[in-house]
Amino acid sequence: MSVDLSKAVGYQLQDQPVAWTKKDLLLYAVGIGAKKDDLPFVYELGQSTDVTDFNKLVQDAEPVPGLPKFDPRRIVHGTQSIETLKPLPTESGGGWKLKKRIIGIHENKSGVIVEIEALLVDSNDVPYSRMVSATFNVGGEATGQKFSKSIAAAPSAPNIPEGRAPDYVVTERTSEEQAIIYRLSGDFNPLHIDPRPGQKAGFGGIILHGLSTFGFAARAILKAVGDSDPTALLVFGARFTSPVKPGDALETSIWKVGENADGILEVAFSTKNLTSGKICLGAGIARVRAGNRARL
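Here our numbering runs 6 ahead of the position in the sequence shown, where the first position is 1.
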């Protein structure tokens, strides 16, 4: 297949059927560290149940016209965002699917970045959420001409206010079994259960799923400014910047940067791995329906 990246941008991938049950939602909540007092997440009769776990389904081996074949062992999850368009039901029923398309491709000297948009729609094609995932194909080669084109984008992260202390800091430790639990939500990559791939890749063993860390940060923000109400999270996104190992402690620093007339609060955030001392989630953005604590 010849390489012509301009043909790949805008390519509509095959629709991907999806479904979930109440059990899936509760299991996912535990996989991102929900505790016994996080009833809206872990109790089916609580206020609501949060779902942000379909992003792992975005990557697809489907051949794309104009795009070279990349080595799956060298594909790194670079960024992730999710926008809530309508509240999700607790159980999906039939007919739900992800409608996916490639919205951006960018070449640099280290590889190729591919951005994929996924719309989660019901059986009537009503969209409930929009997700944008960027993968970095390390060492990937295409035209060699530093091709770069986008036709859509994820929500852009606000800058962290320079010289200003965070408005909120939330610290939480992952468990040593965190990756074992999270993988039951459907990501069975051996990197998160078998120490050998991680040792070979230079990670020193098992690492936690990036989307589990992503979920920890989302809960931290909801705890700080959204009264721990999962339905309050309207936009959430971040860049994955360094690995986390099961058992590491995470510190999410949150800055309020704006609020509109409807009480929607925009925040910038970053999450630091206190065990390694490195930022593991950067360029963080969230838009949250402000809770009582955030209004104080």
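Backbone N, C-alpha and C fix where the C-beta goes; we use that ideal spot for every residue, glycine too.
CB contact flag (residue i, residue j, <7 Å)
i: Thr258; j: Thr237; result: no
i: Ile108; j: Ala14; result: yes
i: Pro252; j: Ala185; result: yes
i: Gly110; j: Val144; result: no
i: Glu89; j: Val241; result: yes
i: Val273; j: Ala292; result: yes
Backbone secondary structure at residue i - three-state DSSP
i: Leu217; result: helix
i: Leu190; result: helix
i: Phe60; result: Note that Phe60 scores a pLDDT of 32, beneath 50, so its modelled location is shaky and nothing firm can be said.
i: Gln22; result: strand
i: Ser276; result: strand
i: Gln65; result: Here the model assigns Gln65 a pLDDT of 47, short of 50, so the residue's position is not dependable and the matter cannot be decided.
i: Asn298; result: helix
i: Val231; result: helix
i: Thr237; result: helix
i: Phe222; result: helix
i: Ala289; result: strand
N-terminal and C-terminal residue of the beta strand (DSSP E) that residue i is part of
i: Ala255; result: Ala255 to Glu265
i: His112; result: Lys103 to Asn114
i: Ser3; result: Missing from the structure shown is residue 3; the chain here goes from 7 to 302 and no further.
i: Asn195; result: Element bounds for Asn195: n/a, residue is neither H nor E.
i: Ser3; result: For the chain, the structure presents residues 7 to 302; residue 3 sits outside this window and is missing.
i: Val127; result: Gly117 to Val127
Limits of the unbroken alpha helix (DSSP H) element including residue i
i: Arg202; result: Pro201 to Lys206
i: Tyr34; result: Lys28 to Gly37
i: Lys13; result: Leu11 to Ala14
Proximity to residue i [Cα-Cα], best of the options
i: Leu190; options: Leu94, Asp254, Glu89 and Leu217; result: Leu217
i: Lys28; options: Leu73, Asp268, Pro95 and Val273; result: Pro95
i: Arg179; options: Ala292, Glu123, Leu280 and Gln18; result: Leu280
i: Asn165; options: Ala244, His215, Gln18 and Ala230; result: Ala244
i: Phe220; options: Ile122, Leu32, Phe275 and Leu11; result: Phe275
i: Leu214; options: Gly101, Glu182, Leu271 and Val294; result: Glu182
i: Gly150; options: Ile285, His112 and Pro167; result: His112
Assumed close pair residue i, residue j - CB separation to whole angstroms, cut-off 8 Å
i: Gly304; j: Thr247; result: In this structure the chain extends from 7 to 302, so residue 304 is not present and cannot be described.
i: Gly84; j: Phe47; result: The pair is not a contact, with the Cβ atoms about 27 Å apart (cut-off 8 Å).
i: Val104; j: Val231; result: According to the sequence displayed, residue 104 carries Leu and not Val. Rounded, the Cβ-Cβ distance is 29 Å, inconsistent with contact.
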